[in-house]
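Listed in order, the protein sequences are those of chains A and B. Quick note: the first sequence uses the working numbering, first residue 1, plus one each step. Quick note: the second sequence uses the working numbering, first residue 1, plus one each step. Cβ coordinates follow ideal geometry from the N, Cα and C atoms, glycine included. Accompanying notes for the structure given below.
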Amino acid sequence: MTDNFIPSKSTPREAGDAKRRRDRVRKLRGFFRSLSSHALISFVGLFFLIPFLWMVLTAFKSSQDVFHTPPRWLPYDNVLVDVDGEKLPLYNVQTNDGVRQLAAAAIVEGVGTFVDPANPAVQMEYKIQRGEVKIAEPIMRVHFNWKNFPDAMERGSRPGVGASFWVYFKNSLVIAFISIVGTLLSNTPVAYAFARIKFPGRDLLFIVILATMMLPYQVTMIPLYLFFNDFLGWGNSFLPLVVPTFFANAYDVFLLRQFFRTIPEEMCDAARVDGASEWQIFTRLIIPLSVPVLATVTVFTFLWAWNDFTGPLLFLTSPKNFTMALGLQDFQGQRTMVWNQLMAASVVFTVPIIIAFFFAQKTFIQGIKLTGSKE
Amino acid sequence: MDKLRAKGRSWNWPPKFRKWGVRERANFWIGMVFLLPWTIGFLVFTLYPMAASLVYSFSIYHPKAPLEWAGLQNYAGLLNDKLFWKSLYNTLYMVVIGVPVTLLVSFFCAVLLNLKVRGQSIYRVIYFLPSIVPTVASVILWLWILNPNAGILNTLLGYVGIQGPNWMSNPAWSKPGLILLGMWGMGGTIVIYLSGLQDVPTSLLEAAELDGANWWQRLWTVTVPMVSPITLFNLITGVIAQFQYFAQAYVFRGTQNLGYPLNSTLFYSVYLYQNAFLWLKMGYASAMAWVLFIIILICTILLLKVSERFTYYAG
């Protein structure tokens, strides 16, 4: 509209005015455009943010607050008072002399026994509800129930067999750590051979390794299960989960090879001329130059091992060997809908990854982009 | 000479069988030593299981009883297995509806995150973070969110006057619930799209703008074709992942039987697992695995063929 303003044939002063006006319009339009952008991004962002917040907030709720309808955002808990050394919940009770704050000593079949915190000797009985009218209502306050975390961790899914989330957490860490070691040790030499050693048949073998990416896990799953479980007798141990990581896999070989190929070949050739063996070139030249991609592989192996559910489900049978993923599913699968503790355990399960993400944000994003640029 | 040949060739296929030089022979053995971890792994963890699985698929095999040759019986049995078709239908539902919807939304999210606004990096973190929540934790979280009574989603829907469905116990809504869960964790797809959007040359967009194309026209005629290879990549990986969809469905049924409600979450891989490890019909499950492999192969090739006409490769 104002764009149609043509500032030709005007005095310098008019031109200046017009320019200022145009600038103002442009600025205003830019402001509204950025405002609407922010509004749109934030609105869609709620879809990603709210479930996350809901997980954390639920983890802090008390058991009765979890099922409060309608749900409240912040965690609430009873206000407690000290009565004769006992912590009792405080209620607003409609008595004959108006609303009083009384502590509930006991509530049996809708009838509460209340005491005045200032004068605990006298007990009074009131019905909690008369028809639709609430006579006694608990006084709530915002309270973050940190105790849910140790409770959830201790409770575990199978009390009495030495299994708790602490054990699961440790198991997951052990498996992830050994997997990282195995993946780094086994994939780097293979990738180096495909990237830098020229030998007959190399390209044919590389096609084979790429082809194995196409094979769904379901095809090898059953024979592998029988092989590990019945033939080797490795059932209910970490071995079936970690030993395969010591024997390279197509994804990491591919990722590492792509990176190794970006290291100038002249450097390798110069080292060869100087009499370096392939092993020396690999360990002294290539590996030190590949720290970024090794970090990517480390992070993604950790993510994969930490997240893996199918492997532990197949091979780990006794609760003391469960991982976090399997333990959490097991906890949930029992008929205990303690959502606050489930969410607390989920938060504990997620926190190591969040920490890893904030320490290695670039590595995360780079790794995803690398897998995306496979084409 | 050696070097010249190495530079000139891209794929040595079919391999030429001729006498190897001293250098080549030495390199071959060095290469074999470096490849040893993979070679052993390939033989033990890929080739042997493939062969065994193929044999099982033609047999009746209970792990406690000897293998019994059955010819095509397992494959023929699949044709008459109602649950097999049900599981295939459920999986195709996710492939045909879930994958494209998720792709579309993640492209839209990437476009949003590519807008030049202040605090862009914070928005990106928020969109990405759910994708690193472990699968089991995210499924349990969504069971809680989709809870028909105390769940936050139906409460929020109630505020705008929509009566939310019984997500987990209504067979018509369990799969859309799982698609929502998948969309929540699509940060990886968004990141891949975002890197593609950043590679779209600004000169093209500016040229289109000079020609009078509005925002929508620029998106549709410049950006979408330019990121089409990424769409194809996301589509293929999404389809392959969806055919193997297992952990989410396994956890999602909660305390109920696999496939709850009414087999509506009995996906292909779930049914395969059920056959193999709950009913111990290892031969039947192996046949299912090979059928799955073939379906995935056909779908991938089909997508690659069809996409040739719709994908634009710059350069």
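Chain B residues whose Cβ lies nearer than 8 Å to that of Ser-164 (chain A)
Position 164 of the first sequence, counted from the first residue, corresponds to residue 164 (chain A). The contacting residues do not exist; Ser-164 (chain A) stays about 17 Å from chain B at best.
Please compile the residues from chain A whose C-beta is within a distance smaller than 7 Å of the C-beta of Phe-287 (chain B).
For this step, residue 287 (chain B) is matched to residue 287 along the second sequence. One detail in the question is off: residue 287 (chain B) reads as Ala in this sequence, not Phe. Result: empty, since nearest Cβ-Cβ is about 11 Å, beyond 7 Å.
How far does the alpha helix (DSSP H) with Ile-178 (chain A) in it extend, from its first residue to its last?
Position 178 of the first sequence, counted from the first residue, corresponds to residue 178 (chain A). Note, Ile-178 (chain A): alpha helix (DSSP H), 165-196.
For Glu-125 (chain A), decide whether its Cβ has a neighbour in chain B, counting only Cβ atoms nearer than 8 Å.
Taking the first sequence and counting its residues from 1, one reaches residue 125 (chain A) at position 125. Output row for Glu-125 (chain A): interface = no.
Going by CA-CA distance only, name the one from A:Gln-366, A:Phe-169, A:Pro-71 and A:Ile-281 that's closest to Pro-189 (chain A).
Taking the first residue of the first sequence as 1, we reach residue 189 (chain A) at position 189. Among A:Gln-366, A:Phe-169, A:Pro-71 and A:Ile-281, the Cα nearest to that of Pro-189 (chain A) is on A:Ile-281.
For my contact list, Phe-60 (chain A) and Pro-75 (chain A) are in at a C-beta cut-off of 8 Å; report their separation, rounded to the angstrom.
Numbered from 1 along the first sequence, position 60 holds the residue referred to as residue 60 (chain A). Numbered from 1 along the first sequence, position 75 holds the residue referred to as residue 75 (chain A). That pair is a contact at about 4 Å.
For the alpha helix (DSSP H) that contains Val-243 (chain A), what are its first and last residues?
For the purposes of this step, residue 243 (chain A) is identified with residue 243 of the first sequence, where counting begins at 1. It is not in any alpha helix (DSSP H) - Val-243 (chain A) carries neither H nor E in the DSSP assignment.
Contact set for Leu-204 (chain B): own chain, Cβ-Cβ below 8 Å, skip 5 residues either direction:
Position 204 of the second sequence, counted from the first residue, corresponds to residue 204 (chain B). Answer for Leu-204 (chain B): Val-222 and Met-226, listed in chain order.
Using DSSP with H/G/I as helix, E/B as strand and the rest coil, what is Thr-95 (chain A)?
Within the first sequence, the letter at position 95 stands for residue 95 (chain A). Looking at Thr-95 (chain A) - three-state DSSP - the assignment turns out to be strand.
Would you kindly report the start and end of the unbroken alpha helix (DSSP H) that includes Asn-148 (chain A)?
As a first step, residue 148 (chain A) must be located in the first sequence, where it is residue number 148. First-last of the alpha helix (DSSP H) with Asn-148 (chain A): 148-155.
Beta-carbon gap between Leu-210 (chain A) and Leu-370 (chain A) smaller than 8 Å
The residue labelled residue 210 (chain A) in the question sits at position 210 within the first sequence. The residue labelled residue 370 (chain A) in the question sits at position 370 within the first sequence. Their beta carbons are not under 8 Å apart, which means Leu-210 (chain A) does not touch Leu-370 (chain A) by this criterion.
Residue closest to Met-214 (chain A), alpha-carbon to alpha-carbon, out of B:Ile-162, B:Trp-290 and B:Leu-197:
Position 214 of the first sequence, counted from the start, is the residue given in the question as residue 214 (chain A). Met-214 (chain A) has its Cα closest to that of B:Trp-290, out of B:Ile-162, B:Trp-290 and B:Leu-197.
Could you name each continuous beta strand (DSSP E) segment of 3 residues or more that falls completely within the segment 123-195 of chain B, going from the start of the chain to the end?
If we require 3 residues or more, the segment 123-195 of chain B turns out to have no beta strand (DSSP E) run fully inside it.
Just the C-alpha distance for Ala-360 (chain A) and Ala-176 (chain A), rounded to the nearest angstrom, thanks.
Taking the first residue of the first sequence as 1, we reach residue 360 (chain A) at position 360. Taking the first residue of the first sequence as 1, we reach residue 176 (chain A) at position 176. Distance between the alpha carbons of Ala-360 (chain A) and Ala-176 (chain A) is about 17 Å.
Would the beta-carbon of Leu-141 (chain B) fall within 8 Å of that of Gly-187 (chain B)?
Reading the second sequence from its first residue, position 141 is the one you call residue 141 (chain B). Reading the second sequence from its first residue, position 187 is the one you call residue 187 (chain B). No, the pair does not count as a contact, with Cβ atoms beyond the cut-off.
Do Asn-92 (chain A) and Asp-140 (chain A) count as a contact pair if the criterion is CB distance below 8 Å?
The residue given as residue 140 (chain A) occupies position 140 in the first sequence. The residue given as residue 92 (chain A) occupies position 92 in the first sequence. It should be noted that the sequence gives Met, not Asp, for residue 140 (chain A). Result no, Cβ atoms of Met-140 (chain A) and Asn-92 (chain A) do not sit closer than 8 Å.
In its own chain, which residues sit with a C-beta less than 6 Å from the C-beta of Thr-298 (chain A), not counting the 5 before and 5 after it?
As a working mapping, residue 298 (chain A) is identified with position 298 in the first sequence. Here the set comprises Ile-180.
Partners in chain A for Ala-52 (chain B), counting only beta-carbon separations shorter than 7 Å:
Stepping through the second sequence from its first residue, residue 52 (chain B) is reached at position 52. Result: Pro-223.
Buried versus exposed call for Val-142 (chain A) [16 or more other C-beta atoms within 10 Å across all chains shown]
The sequence position of residue 142 (chain A) within the first sequence is 142, counting from 1. Burial call: exposed.
Residue(s) in a DSSP beta bridge with Thr-113 (chain A)
Locating residue 113 (chain A) in the first sequence gives position 113, where the first residue counts as 1. Partner(s): A:Ala-106 and A:Glu-125.
Grab the span of the alpha helix (DSSP H) containing Tyr-378 (chain B) for me, first residue to last.
Within the shown structure, residues of chain B are numbered from 1 to 315, placing residue 378 (chain B) beyond reach of any answer.
Below 8 Å CB to CB, which residues in the same chain sit around Ser-164 (chain A) once its five sequence neighbours on both sides are set aside?
The count along the first sequence starts at 1 and reaches residue 164 (chain A) at position 164. Here the set comprises Met-153, Glu-154, Arg-155 and Gly-156.
Compare the C-alpha of Phe-107 (chain B) against each of B:Leu-302, B:Lys-86, B:Tyr-313 and B:Ile-230 and name the closest.
By one-based count along the second sequence, residue 107 (chain B) stands at place 107. Looking at the Cα atoms, B:Ile-230 is the closest of the given residues.
Kindly indicate if chain A contains any beta-carbon less than 8 Å away from that of Gln-242 (chain B).
Counted from its first residue, the second sequence places residue 242 (chain B) at position 242. Chain A contact via Cβ: absent.
When DSSP labels each residue in this structure, what does Trp-279 (chain B) get in the three-state scheme?
Taking the second sequence and counting its residues from 1, one reaches residue 279 (chain B) at position 279. DSSP places Trp-279 (chain B) in coil when its eight states are reduced to three.
In the segment 217-301 of chain B, which residue ranges form an unbroken alpha helix (DSSP H) of at least 4 residues, counting only runs that do not cross its ends?
228-243, 247-252 and 268-273
Give me the Cα-Cα distance between Ala-105 (chain A) and Ala-136 (chain A), rounded to the nearest whole angstrom.
Residue mapping note: residue 105 (chain A) aligns to position 105 of the first sequence, counting from 1. Residue mapping note: residue 136 (chain A) aligns to position 136 of the first sequence, counting from 1. In a straight line, the C-alpha of Ala-105 (chain A) is about 13 Å away from that of Ala-136 (chain A).
CB contact flag (Ser-53 (chain B), Pro-150 (chain A), <8 Å):
Taking the second sequence and counting its residues from 1, one reaches residue 53 (chain B) at position 53. Taking the first sequence and counting its residues from 1, one reaches residue 150 (chain A) at position 150. No, they are not a contact pair.
If Ala-193 (chain A) sits next to Gly-21 (chain B), beta carbons under 8 Å apart, how far is it from one beta carbon to the other, in whole angstroms?
Counted from its first residue, the first sequence places residue 193 (chain A) at position 193. Counted from its first residue, the second sequence places residue 21 (chain B) at position 21. Not confirmed; about 19 Å, so no contact.
So what does DSSP say about Glu-308 (chain B), is it helix, strand or coil?
Along the second sequence, one-based indexing puts residue 308 (chain B) at 308. DSSP places Glu-308 (chain B) in coil when its eight states are reduced to three.
Check for me: the beta strand (DSSP E) holding Arg-141 (chain A) runs from which residue to which?
Position 141 of the first sequence holds residue 141 (chain A). Element bounds for Arg-141 (chain A): 140-142.
Between Pro-75 (chain A) and chain B, is there a C-beta pair that is closer than 8 Å?
In the first sequence, counting from the first residue as 1, residue 75 (chain A) sits at position 75. It does not: the Cβ of Pro-75 (chain A) has no partner Cβ on chain B nearer than 8 Å.
For Val-273 (chain A), the first and last residue of its enclosing alpha helix (DSSP H):
The count along the first sequence starts at 1 and reaches residue 273 (chain A) at position 273. First-last of the alpha helix (DSSP H) with Val-273 (chain A): 265-273.
Please list the segments of the alpha helix (DSSP H) lying wholly inside the segment 263-330 of chain A, counting only runs of 4 or more residues, in order along the chain.
For the segment 263-330 of chain A, the full-length alpha helix (DSSP H) segments reaching 4 residues or more read 265-273, 291-307 and 310-315 along the chain.
Is there contact here, the segment 103-119 of chain B with the segment 182-200 of chain B, by at least three beta-carbon pairs under 8 Å?
yes
Could you name the residues of chain B that Asp-230 (chain A) contacts, counting a contact when the two beta carbons are closer than 8 Å?
Within the first sequence, numbered from 1, the residue matching residue 230 (chain A) stands at position 230. Simply Pro-63.
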